[in-house]
Amino acid sequence: MTISNLFKNSGYAAVFGFMGLIVGIWTADLLHKLILHNAERTTASSVSLIIIALILVASSLLGFTKGKELLED
């Protein structure tokens, strides 16, 4: 892997990570309204933060490894 490919893949990871952040926040908000509305505030916040972080990391890894195939083909 050359340095230019590393920068290109990092760019894809940033794009997919930003989309993952948006989807993660939307998913956490939806789950908070549907499931976690009766939970304690700290528990609900922790679960929401974990969901957002997992989706963000997964989408960034997807962008880094498969971003070129998904966006340029």
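Just so you know, we're using this note's numbering here: the sequence shown kicks off at 608 and counts up by one. Glycine included, C-beta positions come from ideal geometry on N, C-alpha and C. Quick caveat: nothing in here was measured; it's all calculated off a predicted structure.
Pair within 9 Å by beta-carbon distance, Gly624 and Ser655: Mapped onto the sequence shown, residue 624 falls at position 17. Mapped onto the sequence shown, residue 655 falls at position 48. No, the pair does not count as a contact, with Cβ atoms beyond the cut-off.
Buried or exposed by the 16-neighbour rule on C-beta atoms within 10 Å, applied to Phe614: Residue mapping note: residue 614 aligns to position 7 of the sequence shown, counting from 1. Phe614 comes out exposed.
DSSP state of Glu647 mapped onto helix, strand, coil: In the sequence shown, counting from the first residue as 1, residue 647 sits at position 40. Correct three-state label for Glu647: coil.
Pairwise C-alpha distance: Ile662 and Val630: Taking the first residue of the sequence shown as position 1, residue 630 is located at position 23. Taking the first residue of the sequence shown as position 1, residue 662 is located at position 55. C-alpha separation (whole angstroms): 8 Å.
Beta carbon of Ala621 nearer than 9 Å to that of His639: On the sequence shown, residue 621 is found 14 positions in, with the first residue counted as 1. On the sequence shown, residue 639 is found 32 positions in, with the first residue counted as 1. Not in contact: Ala621 and His639 (Cβ atoms no closer than 9 Å).
Burial state of Ile657, where buried means 16 or more other Cβ atoms lie within 10 Å: The residue given as residue 657 occupies position 50 in the sequence shown. Counting Cβ neighbours within 10 Å, Ile657 comes out exposed, since fewer than 16 surround it.
Buried versus exposed, by CB contacts within 10 Å (16 or more), Ile610: In the sequence shown, the residue the question calls residue 610 occupies position 3. Ile610 is exposed by the Cβ-count criterion.
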